[in-house]
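Residue numbers (UniProt numbering): 1 to 160.
All residues carry an ideal CB built from backbone N, CA and C; glycine is no exception.
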C-alpha cells in the first residue's frame with residue numbers, strides 16, 4: 001500500500017481511539033507531506049471540520065497560497081462532495097482514498113446520496129429551496145460586487 005495512504009489510515013485509526021470519526025487525510029507535494037488532518041466535526045462542533053478540509057487549510061498555510069496545484073490528497077475514506085469541491089477549487093491534481101462510499105454505507109458514513117442529489121439541477125433538489133433572482137441592471141452596473149473585486153485585483157484569477 002502507498003505509504004501516504006497508510007499514513008491517512010493511521011491518522012484515522014488514531015482519531016477513532018481519541019473519540020473522533022474514522023477519517024484522516026494527508027496532502028503531499030513532490031513526494032513530501034505538506035499537511036495532515038483528521039475529522040474534528042464533533043470536537044469543534046463544526047460541520048466543515050472534515051479531515052480533507054483541515055489538511056487543505058494547513059497545506060495552504062504551509063505553501064502560503066490557496067492554490068495547491070501539483071498536490072495530491074490521500075484520504076482514509078472517499079471524500080464527500082464538499083471536500084471534493086474544495087480540492088478541485090484549490091488545484092489538487094490527484095485524490096487517492098482507501099475506503100469507498102459502498103464500504104461506508106452500512107456504517108452510516110457514505111455520502112453517495114448527497115453526491116447524487118447534488119448532481120441534479122438545484123431547482124430539482126429536494127433538500128432545500130434555493131431562489132436566485134438576478135437583477136440585470138445590478139449585474140451590469142459598475143458598482144457590482146464582481147466588478148469591484150476585479151478592479152481591486154486583490155486575488156489571482158482562479159476558477160471557482
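{"Asked": "Alpha-carbon to alpha-carbon, residue 103 and residue 33", "Found": "27 Å"}
{"Asked": "Minimum C-alpha distance to residue 88 - residue among 99, 37, 25, 71", "Found": "71"}
{"Asked": "Pairwise C-alpha distance: residue 41 and residue 11", "Found": "15 Å"}
{"Asked": "Distance between residue 31 and residue 2 (C-alpha atoms, nearest Å)", "Found": "11 Å"}
{"Asked": "Cross-strand partners of residue 74 (DSSP beta bridge)", "Found": "26, 96"}
{"Asked": "Distance, residue 150 Cα to residue 126 Cα", "Found": "35 Å"}
{"Asked": "Euclidean distance between Cα positions of residue 23 and residue 65", "Found": "25 Å"}
{"Asked": "Local conformation of residue 32 per DSSP, three classes", "Found": "strand"}
{"Asked": "Where the alpha helix (DSSP H) through residue 81 begins and ends", "Found": "81–90"}
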